[in-house]
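Novice:
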Amino acid sequence: MAGSEVRTSPELPLKLRLSLAIFSAVSKVSLRRNGTVNRCLMSLVDFKSSTNKKPIKGVTTSDTTVDSSRNIWFRALPA
160 MAGSEVRTSP
170 ELPLKLRLSL
180 AIFSAVSKVS
190 LRRNGTVNRC
200 LMSLVDFKSS
210 TNKKPIKGVT
220 TSDTTVDSSR
230 NIWFRALPA
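Positions 160 to 238 (our numbering) are the ones given, in order, by the sequence shown.
Have a look at this one:
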């Protein structure tokens, strides 16, 4: 086709490419053949953030434990 433009993807910074490659590798390793998540491996890279002690823009957070023996909890964000 005459006049068609070829689109190229933008260059990503090295740090971002490296982070994506590591995340992709960990994700592939943590999945089983049947598609379920291997929770033992995923717990090694748990990205849990702490609650905010001071309200940010009027929003406070708190963690509530449902069942401590199975580590089941939820984070409440009351406004």
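Built from N, CA and C at the ideal position, the CB exists for glycine as well. Note that the coordinates shown come from a computational prediction; the quantities given were computed from them, not determined experimentally.
If I follow the unbroken beta strand (DSSP E) through S221, where does it start and stop?
Specialist: On the sequence shown, residue 221 is found 62 positions in, with the first residue counted as 1. Per DSSP, S221 belongs to the beta strand (DSSP E) from 221–226.
Novice: Can you check the stretch 167–211 for any beta strand (DSSP E) of at least 3 residues that lies completely inside it and give the ranges in chain order?
Specialist: Complete beta strand (DSSP E) runs here, min 3: none at all.
Novice: What span of residues does the beta strand (DSSP E) with R229 cover, start to end?
Specialist: One-based indexing of the sequence shown puts residue 229 at position 70. Element bounds for R229: n/a, residue is neither H nor E.
Novice: In terms of alpha-carbon separation, which member of L236, V185, P169 lies closest to S202?
Specialist: Here residue 202 is taken as the residue at index 43 of the sequence shown, counted from 1. Closest by alpha carbon: V185.
Novice: Judging by CA-CA distance, which residue of T223, D222, F182 is the nearest neighbour of K174?
Specialist: As a first step, residue 174 must be located in the sequence shown, where it is residue number 15. Closest by alpha carbon: F182.
Novice: Using the DSSP secondary-structure output, state which residues sit across from V165 in a beta bridge.
Specialist: What you label residue 165 is simply residue 6 of the sequence shown in a count that begins at 1. Its beta-bridge partners do not exist; DSSP assigns none.
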